[in-house]
Structures are given as C-alpha cells and as structure tokens.
Amino acid sequence: MMHGPLPDQSSLSSTTTGNAFVVALERILAWCNSIIVVIAAVALIAACAILSYSVLGRALFHSPNYWQDEAAVFLLVGATFMTSAYVQQQRGHIGIEAFVGLLSPMANRIRLWLVDLASFLFCAFFAWKSWTLAHEAWVDGQVSNSMWSPPLAIPYGLMASGMTLLCLQILLQITVPIFGAARR
72 MMHGPLPDQS SLSSTTTGNA FVVALERILA WCNSIIVVIA AVALIAACAI
122 LSYSVLGRAL FHSPNYWQDE AAVFLLVGAT FMTSAYVQQQ RGHIGIEAFV
172 GLLSPMANRI RLWLVDLASF LFCAFFAWKS WTLAHEAWVD GQVSNSMWSP
222 PLAIPYGLMA SGMTLLCLQI LLQITVPIFG AARR
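Numbering follows the working numbering, with no gaps: position 152 of the sequence shown is 223.
Structural data, given as structure tokens:
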C-alpha cells in the first residue's frame with residue numbers, strides 16, 4: 072500500500088513560509104526532482120530499447136551483446152536512485168499503514184517524523200558509503216568485469232548522488248515541522 076500524505080500533512084508545507092531558506096531549498100529541490108524525473112523516464116525508455124535490441128540481436132542475428140545488459144543496468148540504477156528524492160517528496164514510498172487509522176493526527180505526525188528521522192540516518196550512512204565507493208572507483212580506475220569494461224564510478228556516482236538528494240529531501244521533511252512549530 073502506498074504511504075500517501077496524511078490529511079493533516081497538507082498544511083505542513085505552508086508552515087515553512089516563515090523561513091525563507093527552507094522555502095528556497097524546498098523549491099530548488101522540487102525543481103531538481105522534476106527535471107530528474109524526466110531524465111529518468113528517458114533513461115527507462117532507453118533501457119527498454121537497449122534490452123529489446125539485445126534480445127532481437129541475439130535471436131535474429133546471433134550477435135553477441137557485450138554492452139547492452141550493462142548499459143541497461145546502469146540506466147536502471149541511475150533512474151532508481153536519482154528519482155528516490157522525488158518519490159519521497161510525494162510520500163510515495165511503500166509504508167505500513169496499520170497504525171495510521173488508530174492514532175490521533177498528532178501521534179501520526181510524530182510517528183511520521185520519527186520514521187523520517189530513522190530514514191534519514193540510514194540514508195545518510197548509505198550516501199556516505201556510496202560516496203566512498205564512487206571516490207575509490209574513480210581514483211583506482213575500477214571498471215566492470217565485462218568485455219565492455221565501463222567505469223564503476225558511473226553507477227556508484229549515481230547511487231551517491233541519488234542518496235544525497237534523498238537525504239536532503241528527508242532532512243527538509245524533518246525540519247519543516249520543527250520550523251512550523253517554532254513559529255506558532
């Protein structure tokens with residue numbers, strides 16, 4: 072089941088109007104997310120085309136495919152990780168909603184804030200490790216083990232960038248209730 076915004080969550084975005092920095096960051100991230108979603112959609116279409124070409128090439132022409140599978144995986148990894156901040160912005164990640172109907176609106180806001188905090192901590196660790204992997208792959212010139220041998224810094228960099236954007240989005244969602252509560 073999709074974890075959509077709670078009915079009382081719609082008012083939270085308007086609570087940031089007292090903090091210009093948070094509002095600007097929110098708008099910039101929303102703008103970046105919307106551009107990334109379009110690019111990711113093109114990447115998914117390209118991955119489908121590449122995989123279809125690969126299957127047809129092997130079936131009809133018996134030609135080997137050295138690059139197709141890996142290119143499609145790189146596109147899928149990039150699309151998945153880079154769009155995670157957009158999905159979080161929409162509260163589109165899958166969540167367990169067993170308690171939503173049982174808790175009061177205030178308890179649901181606290182629950183959502185605690186989930187965001189735990190998610191931020193996990194994603195921050197994941198982003199940090201991804202950046203270290205990307206740096207190591209870049210410095211050492213690591214490539215994949217295929218005949219095509221593309222640099223591994225590409226998927227690691229996409230993972231790190233996507234997780235960093237996700238951390239930024241979650242951090243915004245953590246701070247919005249705090250700034251909203253401080254203003255009241």
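Yeah, the Cβ is synthetic: ideal placement off N, Cα and C, and Gly gets one too.
Beta-bridge pairing of residue i - partner residues as DSSP gives them
| i | result |
| --- | --- |
| PRO222 | VAL214 |
| GLY110 | One point to set straight first is that residue 110 is Ile, not Gly, in the sequence displayed. Looking at the DSSP assignment, ILE110 forms no beta bridge with any residue, so it has no partner. |
Nonlocal neighbours in the same chain, by C-beta distance under 7 angstroms from residue i, ignoring five residues either side
| i | result |
| --- | --- |
| GLN159 | LEU237, GLN240 and ILE241 |
| THR235 | ALA198 |
| SER215 | GLU141, PRO221 and LEU223 |
| ILE225 | PHE145 |
| ALA95 | none |
| LEU204 | TYR227 |
| SER134 | GLY128 |
| LEU174 | ARG182 |
| ASN104 | ALA156, TYR157 and GLN160 |
Residue from the options with nearest C-alpha to residue i
| i | options | result |
| --- | --- | --- |
| ARG162 | ILE245, LEU127 and GLY128 | ILE245 |
| ILE165 | SER190, GLU141, GLY233 and LEU223 | SER190 |
| MET177 | GLY212, PRO248 and TRP202 | PRO248 |
| ALA143 | PRO221, ALA231 and CYS194 | PRO221 |
| ASP211 | LEU223, LEU100 and MET153 | LEU223 |
| LEU122 | GLY233, GLN139, SER134 and GLU207 | GLN139 |
| SER232 | ALA150, ALA120, ARG180 and PHE170 | ALA150 |
| LEU183 | THR203, GLU207 and PHE170 | PHE170 |
| HIS206 | MET218, VAL186, MET230 and TRP219 | MET230 |
| VAL148 | ALA112, ILE181 and LEU192 | ALA112 |
Same chain only: Cβ atoms within 6 angstroms of residue i, ignoring 5 sequence neighbours per side
| i | result |
| --- | --- |
| ALA117 | LEU146 |
| GLN213 | LEU223 |
| SER125 | ASN136 and GLN139 |
| ALA195 | CYS238 |
| TRP202 | ALA231 |
Backbone secondary structure at residue i - three-state DSSP
| i | result |
| --- | --- |
| THR151 | helix |
| SER134 | coil |
| PHE191 | helix |
| PHE145 | helix |
| LEU229 | helix |
| ASN90 | coil |
| GLN160 | helix |
| PHE250 | helix |
| LEU173 | coil |
Spatial neighbours of residue i in its chain, beta-carbon cut-off 8 angstroms, leaving aside the 5 residues before and after
| i | result |
| --- | --- |
| VAL186 | GLY166 |
| VAL93 | THR87, LEU243, THR246, VAL247 and PHE250 |
| LEU100 | ALA156, GLN160, LEU236, LEU239, GLN240 and LEU243 |
- request: State whether the region 147 to 157 contacts the region 108 to 116, with contact taken as three or more CB pairs (one from each stretch) at a distance under 8 angstroms.
  value: Segments in contact, yes.
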